[in-house]
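Numbering (my numbering), first residue to last: 3 to 332. Notes for the one structure printed next.
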Amino acid sequence: MKVLRKIGFPISLVYGLVVYIRNILFDKGIFKSTSFSTPTICVGNLSVGGTGKTPMIEYLIALLKENRKLAVLSRGYGRKSKGFIKAVPSTTVEQIGDEPFQIYSKYPEVIMVVDADRRNGISLLEAQEKPDLILLDDAFQHRKVQPSFAILLTAHGQLYVDDWFLPTGNLRDSKKEAQRADIIMVTKCPPNLRQDEQEKIIKKLQPLKHQQVLFSSLVYDTVLQGEGSTLELQDLRVKKVLLVTGIANPIPLVTYLKEASIAFEHLEFGDHHFFTEREINAFDSKELILTTEKDFVRLKGKVDNLYYIKIEHKLLGEGRKQLQEALASL
3 MKVLRKIGFP ISLVYGLVVY IRNILFDKGI FKSTSFSTPT ICVGNLSVGG TGKTPMIEYL
63 IALLKENRKL AVLSRGYGRK SKGFIKAVPS TTVEQIGDEP FQIYSKYPEV IMVVDADRRN
123 GISLLEAQEK PDLILLDDAF QHRKVQPSFA ILLTAHGQLY VDDWFLPTGN LRDSKKEAQR
183 ADIIMVTKCP PNLRQDEQEK IIKKLQPLKH QQVLFSSLVY DTVLQGEGST LELQDLRVKK
243 VLLVTGIANP IPLVTYLKEA SIAFEHLEFG DHHFFTEREI NAFDSKELIL TTEKDFVRLK
303 GKVDNLYYIK IEHKLLGEGR KQLQEALASL
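Written out as C-alpha coordinates, the structure reads:
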(Lines of atoms letter the chains of each structure in order from A; the text may use other names.)
(Lines give C-alpha, C1' and ligand atoms only; values in the text may rest on other atoms or scores of the structure.)
Protein backbone atom coordinates (compact mmCIF):
# COMPACT_ATOMS: atom_id res chain seq x y z
CA MET A 3 0.00 0.00 0.00
CA LYS A 4 2.81 2.44 0.87
CA VAL A 5 4.50 1.70 -2.45
CA LEU A 6 1.26 2.35 -4.35
CA ARG A 7 0.82 5.64 -2.51
CA LYS A 8 4.31 6.74 -3.50
CA ILE A 9 3.69 5.74 -7.11
CA GLY A 10 0.49 7.81 -7.02
CA PHE A 11 2.36 11.02 -6.12
CA PRO A 12 1.97 12.58 -9.60
CA ILE A 13 -1.76 11.92 -9.38
CA SER A 14 -1.87 13.62 -5.99
CA LEU A 15 -0.28 16.73 -7.53
CA VAL A 16 -2.99 16.87 -10.20
CA TYR A 17 -5.67 16.25 -7.55
CA GLY A 18 -4.24 19.02 -5.36
CA LEU A 19 -4.25 21.45 -8.29
CA VAL A 20 -7.91 20.69 -9.05
CA VAL A 21 -8.81 21.22 -5.38
CA TYR A 22 -6.85 24.49 -5.33
CA ILE A 23 -8.59 25.84 -8.43
CA ARG A 24 -12.01 24.82 -7.12
CA ASN A 25 -11.46 26.66 -3.83
CA ILE A 26 -10.18 29.75 -5.63
CA LEU A 27 -13.37 29.83 -7.71
CA PHE A 28 -15.46 29.73 -4.52
CA ASP A 29 -13.26 32.35 -2.84
CA LYS A 30 -13.64 34.71 -5.82
CA GLY A 31 -17.40 34.19 -5.94
CA ILE A 32 -17.34 32.56 -9.38
CA PHE A 33 -18.79 29.45 -7.77
CA LYS A 34 -21.56 30.49 -5.41
CA SER A 35 -21.92 29.61 -1.72
CA THR A 36 -25.46 29.97 -0.38
CA SER A 37 -26.32 31.13 3.13
CA PHE A 38 -29.66 30.26 4.74
CA SER A 39 -31.81 31.97 7.33
CA THR A 40 -31.82 28.85 9.54
CA PRO A 41 -28.58 28.54 11.54
CA THR A 42 -26.41 25.67 10.36
CA ILE A 43 -23.51 23.88 12.05
CA CYS A 44 -21.17 22.06 9.70
CA VAL A 45 -19.16 19.09 11.00
CA GLY A 46 -16.48 17.62 8.77
CA ASN A 47 -12.81 17.07 8.07
CA LEU A 48 -10.19 17.61 5.39
CA SER A 49 -9.26 13.96 5.01
CA VAL A 50 -10.80 10.62 4.22
CA GLY A 51 -10.96 8.14 7.08
CA GLY A 52 -12.51 8.19 10.49
CA THR A 53 -12.16 11.27 12.67
CA GLY A 54 -15.37 10.69 14.63
CA LYS A 55 -17.86 12.76 12.63
CA THR A 56 -20.96 10.73 13.50
CA PRO A 57 -20.18 10.61 17.26
CA MET A 58 -19.63 14.39 17.09
CA ILE A 59 -23.03 14.91 15.46
CA GLU A 60 -24.53 12.79 18.25
CA TYR A 61 -22.62 14.82 20.84
CA LEU A 62 -24.05 18.04 19.43
CA ILE A 63 -27.57 16.57 19.38
CA ALA A 64 -27.31 15.63 23.06
CA LEU A 65 -25.92 19.08 23.82
CA LEU A 66 -28.55 21.09 21.93
CA LYS A 67 -31.76 19.06 21.61
CA GLU A 68 -33.45 20.17 24.83
CA ASN A 69 -33.98 23.76 23.71
CA ARG A 70 -33.94 23.47 19.93
CA LYS A 71 -35.95 21.87 17.16
CA LEU A 72 -33.04 20.09 15.54
CA ALA A 73 -32.57 18.66 12.07
CA VAL A 74 -29.64 16.66 10.74
CA LEU A 75 -28.81 16.70 7.04
CA SER A 76 -26.51 14.03 5.66
CA ARG A 77 -25.52 12.90 2.20
CA GLY A 78 -26.43 9.34 3.22
CA TYR A 79 -23.26 7.81 1.85
CA GLY A 80 -23.70 4.24 0.61
CA ARG A 81 -27.50 4.34 0.59
CA LYS A 82 -29.45 2.58 -2.15
CA SER A 83 -31.68 5.52 -2.95
CA LYS A 84 -31.45 9.02 -4.39
CA GLY A 85 -32.80 12.46 -3.67
CA PHE A 86 -34.31 13.95 -0.53
CA ILE A 87 -35.58 11.47 2.05
CA LYS A 88 -36.85 12.15 5.54
CA ALA A 89 -36.48 9.29 8.02
CA VAL A 90 -39.71 7.86 9.46
CA PRO A 91 -40.26 4.76 11.65
CA SER A 92 -40.57 2.53 8.57
CA THR A 93 -37.35 3.81 6.97
CA THR A 94 -34.63 1.21 6.33
CA VAL A 95 -30.86 1.50 6.56
CA GLU A 96 -30.65 0.87 2.80
CA GLN A 97 -32.81 3.94 2.12
CA ILE A 98 -30.81 6.50 4.12
CA GLY A 99 -27.41 4.90 4.85
CA ASP A 100 -25.87 3.46 7.99
CA GLU A 101 -24.78 6.63 9.80
CA PRO A 102 -28.08 8.54 9.35
CA PHE A 103 -29.97 5.39 10.36
CA GLN A 104 -27.82 5.09 13.48
CA ILE A 105 -28.50 8.72 14.41
CA TYR A 106 -32.25 8.41 13.79
CA SER A 107 -32.43 5.18 15.80
CA LYS A 108 -30.87 6.90 18.81
CA TYR A 109 -32.64 10.25 18.43
CA PRO A 110 -36.02 9.70 16.74
CA GLU A 111 -37.20 13.08 18.03
CA VAL A 112 -34.64 14.78 15.76
CA ILE A 113 -35.52 15.42 12.11
CA MET A 114 -33.18 13.21 10.07
CA VAL A 115 -32.96 13.79 6.32
CA VAL A 116 -30.57 12.79 3.56
CA ASP A 117 -29.85 14.61 0.32
CA ALA A 118 -26.63 14.71 -1.70
CA ASP A 119 -27.63 18.24 -2.76
CA ARG A 120 -27.13 20.13 0.51
CA ARG A 121 -28.75 23.31 -0.77
CA ASN A 122 -31.85 21.46 -1.86
CA GLY A 123 -31.94 19.58 1.45
CA ILE A 124 -31.78 22.76 3.52
CA SER A 125 -34.38 24.51 1.35
CA LEU A 126 -36.83 21.61 1.77
CA LEU A 127 -36.16 21.44 5.51
CA GLU A 128 -36.91 25.14 5.87
CA ALA A 129 -40.10 24.84 3.81
CA GLN A 130 -41.45 21.60 5.32
CA GLU A 131 -40.04 21.23 8.85
CA LYS A 132 -38.94 24.73 9.94
CA PRO A 133 -36.18 23.58 12.33
CA ASP A 134 -34.41 25.99 14.68
CA LEU A 135 -30.99 24.59 13.83
CA ILE A 136 -29.58 22.26 11.17
CA LEU A 137 -26.54 20.04 11.68
CA LEU A 138 -24.68 19.33 8.45
CA ASP A 139 -22.91 15.97 8.61
CA ASP A 140 -19.62 15.60 6.69
CA ALA A 141 -20.09 18.85 4.80
CA PHE A 142 -16.92 20.86 5.41
CA GLN A 143 -15.67 20.46 1.83
CA HIS A 144 -19.12 21.08 0.29
CA ARG A 145 -18.74 24.77 -0.27
CA LYS A 146 -22.05 25.34 -2.07
CA VAL A 147 -23.46 25.97 1.41
CA GLN A 148 -22.04 28.69 3.66
CA PRO A 149 -22.61 27.39 7.21
CA SER A 150 -23.25 29.61 10.20
CA PHE A 151 -20.64 27.72 12.21
CA ALA A 152 -18.03 25.12 11.20
CA ILE A 153 -16.36 22.42 13.30
CA LEU A 154 -13.33 20.81 11.68
CA LEU A 155 -12.24 17.43 13.04
CA THR A 156 -8.69 16.11 12.85
CA ALA A 157 -7.42 12.96 14.55
CA HIS A 158 -4.65 12.98 17.14
CA GLY A 159 -1.58 11.39 15.56
CA GLN A 160 -3.01 12.02 12.07
CA LEU A 161 -3.27 15.82 11.98
CA TYR A 162 -4.17 17.35 8.64
CA VAL A 163 -1.03 19.55 8.80
CA ASP A 164 1.08 16.37 8.55
CA ASP A 165 -0.89 14.93 5.63
CA TRP A 166 -0.84 15.16 1.81
CA PHE A 167 -3.37 14.94 -1.01
CA LEU A 168 -4.91 11.68 -2.17
CA PRO A 169 -3.81 9.11 -3.20
CA THR A 170 -0.35 9.61 -1.64
CA GLY A 171 -1.92 10.89 1.56
CA ASN A 172 -5.47 11.13 2.91
CA LEU A 173 -6.32 14.78 2.24
CA ARG A 174 -9.38 15.41 0.09
CA ASP A 175 -9.14 19.18 0.58
CA SER A 176 -6.39 21.75 1.00
CA LYS A 177 -4.83 22.33 4.44
CA LYS A 178 -5.41 26.06 4.12
CA GLU A 179 -9.16 25.47 4.07
CA ALA A 180 -8.90 24.89 7.82
CA GLN A 181 -9.09 28.68 8.12
CA ARG A 182 -12.83 28.42 7.42
CA ALA A 183 -13.38 26.54 10.69
CA ASP A 184 -14.64 28.21 13.85
CA ILE A 185 -13.50 25.28 16.01
CA ILE A 186 -10.75 22.79 15.25
CA MET A 187 -11.48 19.63 17.24
CA VAL A 188 -8.56 17.26 17.76
CA THR A 189 -10.24 13.88 18.22
CA LYS A 190 -9.10 10.44 19.38
CA CYS A 191 -6.75 11.98 21.95
CA PRO A 192 -5.40 9.97 24.87
CA PRO A 193 -7.75 10.77 27.78
CA ASN A 194 -4.78 11.94 29.86
CA LEU A 195 -3.28 14.21 27.20
CA ARG A 196 -1.18 16.73 29.13
CA GLN A 197 -1.58 20.48 28.80
CA ASP A 198 1.93 20.92 27.39
CA GLU A 199 1.17 18.29 24.73
CA GLN A 200 -2.04 20.12 23.83
CA GLU A 201 -0.09 23.36 23.48
CA LYS A 202 2.39 21.67 21.12
CA ILE A 203 -0.49 20.54 18.91
CA ILE A 204 -2.06 24.02 18.97
CA LYS A 205 1.27 25.53 17.93
CA LYS A 206 1.48 23.02 15.10
CA LEU A 207 -2.04 23.78 13.87
CA GLN A 208 -1.44 27.56 13.99
CA PRO A 209 -5.09 28.56 14.50
CA LEU A 210 -6.26 32.02 13.49
CA LYS A 211 -7.37 34.52 16.12
CA HIS A 212 -11.07 33.67 15.70
CA GLN A 213 -10.48 29.91 16.03
CA GLN A 214 -10.59 27.72 19.12
CA VAL A 215 -8.77 24.39 19.33
CA LEU A 216 -10.52 21.79 21.50
CA PHE A 217 -9.52 18.24 22.34
CA SER A 218 -11.61 15.10 22.72
CA SER A 219 -11.08 11.41 23.34
CA LEU A 220 -13.32 8.59 22.17
CA VAL A 221 -14.76 6.65 25.10
CA TYR A 222 -15.90 3.05 24.65
CA ASP A 223 -18.71 1.69 26.80
CA THR A 224 -18.02 -1.33 29.00
CA VAL A 225 -21.55 -2.67 28.42
CA LEU A 226 -22.18 -4.25 25.04
CA GLN A 227 -25.58 -3.78 23.39
CA GLY A 228 -27.42 -6.55 21.55
CA GLU A 229 -30.95 -7.04 20.28
CA GLY A 230 -32.86 -6.94 23.55
CA SER A 231 -29.89 -7.93 25.70
CA THR A 232 -26.64 -6.57 27.10
CA LEU A 233 -23.31 -8.07 28.02
CA GLU A 234 -20.39 -6.87 30.13
CA LEU A 235 -17.16 -6.34 28.21
CA GLN A 236 -15.25 -8.49 30.68
CA ASP A 237 -17.53 -11.44 29.86
CA LEU A 238 -15.88 -11.64 26.44
CA ARG A 239 -12.72 -13.03 28.01
CA VAL A 240 -14.33 -16.47 28.26
CA LYS A 241 -15.99 -16.44 24.82
CA LYS A 242 -14.86 -17.02 21.26
CA VAL A 243 -15.25 -13.56 19.78
CA LEU A 244 -15.38 -12.54 16.13
CA LEU A 245 -14.89 -8.81 15.58
CA VAL A 246 -16.53 -7.61 12.36
CA THR A 247 -15.82 -4.04 11.22
CA GLY A 248 -16.82 -2.05 8.15
CA ILE A 249 -15.46 1.35 9.20
CA ALA A 250 -12.67 3.59 7.96
CA ASN A 251 -10.27 2.98 10.83
CA PRO A 252 -10.84 0.06 13.24
CA ILE A 253 -7.39 0.39 14.87
CA PRO A 254 -8.59 2.30 17.99
CA LEU A 255 -11.25 -0.33 18.67
CA VAL A 256 -8.81 -3.18 18.08
CA THR A 257 -6.33 -1.53 20.45
CA TYR A 258 -9.01 -1.00 23.10
CA LEU A 259 -10.08 -4.65 23.01
CA LYS A 260 -6.49 -5.90 23.24
CA GLU A 261 -5.82 -3.62 26.20
CA ALA A 262 -8.94 -5.10 27.85
CA SER A 263 -7.39 -8.59 27.40
CA ILE A 264 -10.08 -9.69 24.92
CA ALA A 265 -8.99 -12.40 22.49
CA PHE A 266 -10.72 -12.20 19.12
CA GLU A 267 -10.59 -12.96 15.42
CA HIS A 268 -11.01 -9.89 13.22
CA LEU A 269 -12.79 -9.66 9.86
CA GLU A 270 -12.19 -6.22 8.37
CA PHE A 271 -14.31 -4.78 5.54
CA GLY A 272 -14.35 -1.41 3.78
CA ASP A 273 -16.15 1.61 5.19
CA HIS A 274 -19.98 1.53 4.84
CA HIS A 275 -19.80 -2.06 3.59
CA PHE A 276 -23.16 -3.72 2.97
CA PHE A 277 -22.66 -7.37 3.90
CA THR A 278 -23.65 -10.05 1.40
CA GLU A 279 -25.56 -13.18 2.36
CA ARG A 280 -22.44 -15.24 1.72
CA GLU A 281 -20.37 -13.08 4.07
CA ILE A 282 -23.02 -13.23 6.76
CA ASN A 283 -23.27 -17.00 6.51
CA ALA A 284 -19.50 -17.22 6.96
CA PHE A 285 -19.55 -15.70 10.44
CA ASP A 286 -23.11 -16.24 11.65
CA SER A 287 -22.21 -19.50 13.39
CA LYS A 288 -19.68 -17.89 15.74
CA GLU A 289 -20.32 -17.91 19.50
CA LEU A 290 -20.33 -14.10 19.74
CA ILE A 291 -20.04 -11.45 17.05
CA LEU A 292 -18.88 -8.02 18.14
CA THR A 293 -19.16 -5.03 15.86
CA THR A 294 -19.41 -1.25 15.82
CA GLU A 295 -22.66 0.66 16.19
CA LYS A 296 -22.54 1.68 12.53
CA ASP A 297 -22.07 -1.92 11.42
CA PHE A 298 -24.75 -3.12 13.81
CA VAL A 299 -27.50 -1.21 11.99
CA ARG A 300 -26.51 -3.05 8.77
CA LEU A 301 -26.33 -6.48 10.42
CA LYS A 302 -29.24 -6.25 12.84
CA GLY A 303 -31.83 -8.99 12.27
CA LYS A 304 -29.48 -10.90 9.97
CA VAL A 305 -26.98 -12.31 12.48
CA ASP A 306 -27.37 -14.21 15.74
CA ASN A 307 -25.32 -13.44 18.87
CA LEU A 308 -24.61 -9.93 17.61
CA TYR A 309 -23.45 -7.15 19.94
CA TYR A 310 -21.97 -3.69 19.42
CA ILE A 311 -19.83 -1.42 21.54
CA LYS A 312 -21.02 2.16 22.00
CA ILE A 313 -18.62 5.04 21.54
CA GLU A 314 -18.87 8.74 22.29
CA HIS A 315 -16.74 11.86 22.46
CA LYS A 316 -15.52 13.19 25.78
CA LEU A 317 -14.12 16.69 25.56
CA LEU A 318 -11.00 17.25 27.62
CA GLY A 319 -10.66 19.96 30.25
CA GLU A 320 -13.15 22.81 29.82
CA GLY A 321 -13.93 21.76 26.25
CA ARG A 322 -17.62 21.08 26.77
CA LYS A 323 -18.16 24.48 28.39
CA GLN A 324 -16.16 26.21 25.66
CA LEU A 325 -18.18 24.49 22.95
CA GLN A 326 -21.48 25.44 24.62
CA GLU A 327 -20.38 29.06 24.85
CA ALA A 328 -19.27 29.12 21.21
CA LEU A 329 -22.66 27.76 20.03
CA ALA A 330 -24.79 29.91 22.36
CA SER A 331 -25.27 32.72 19.82
CA LEU A 332 -26.68 30.47 17.08
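In this text, a Cβ means the ideal position worked out from N, Cα and C, and glycines have one as well.
Check, Outcome
"If I follow the unbroken beta strand (DSSP E) through Tyr309, where does it start and stop?", "308 to 311"
"Quick one: Cα of Glu320 to Cα of Leu210, how far?", "20 Å"
"How about Gly99 and Arg121: are their beta carbons less than 9 Å apart?", "no"
"Considering just the uninterrupted stretch of the alpha helix (DSSP H) at Ser14, what are its terminal residues?", "11 to 29"
"Can at least three beta-carbon pairs, one atom from the stretch 100 to 107 and one from the stretch 28 to 47, be found at a separation below 8 Å?", "no"
"If you draw a straight line from the C-alpha of Phe285 to the C-alpha of Gly80, how long is it?", "23 Å"
"Cα separation between His275 and Thr93?", "19 Å"
"Taking 8 Å as the threshold, find out whether the stretch 161 to 176 comes into contact with the stretch 58 to 70 through three or more Cβ pairs.", "no"
"Excluding five sequence neighbours on each side, which residues of the same chain lie with their C-beta closer than 7 Å to the C-beta of Asp165?", "Ser49, Gly171, Asn172, Leu173"
"Given a cut-off of 9 Å, decide if Thr189 and His315 are closer than it, judged by their beta-carbon atoms.", "yes"
"The beta strand (DSSP E) spanning Thr170 covers which residue range?", "First-last for Thr170: undefined, no H or E at that position."
"Is Tyr79 helix, strand or coil when you go by DSSP?", "coil"
"Looking at Asp184 and His212, is the spacing between their C-beta atoms short of 9 Å?", "yes"
"When the Cβ atoms of the stretch 294 to 305 are set against those of the stretch 234 to 254, are three or more pairs found closer than 8 Å?", "yes"
"Give the C-beta separation of Arg300 and Val95 to the nearest angstrom, bearing in mind that I take them to be a contact with Cβ-Cβ under 8 Å.", "6 Å"
"Compare the C-alpha of Leu207 against each of Gly51, Glu179, Glu229 and name the closest.", "Glu179"
"For Tyr17, I'd like the list of residues in its chain whose CB is within less than 7 Å of its CB, leaving aside the five on either flank, ordered along the chain.", "Phe167, Leu168"
"Just verifying my parser: in three-state terms, what is the DSSP assignment at Val243?", "strand"
"Per DSSP, which one or two residues make a beta bridge with Asp341?", "Coverage of the chain is limited to positions 3 through 332, which leaves residue 341 absent and any answer about it impossible."
"So, at 8 Å on beta carbons, what are the nonlocal neighbours of Gly123 in its own chain, with the 5 sequence-adjacent residues on each side left out?", "Leu75, Phe86, Val115, Val116, Asp117"
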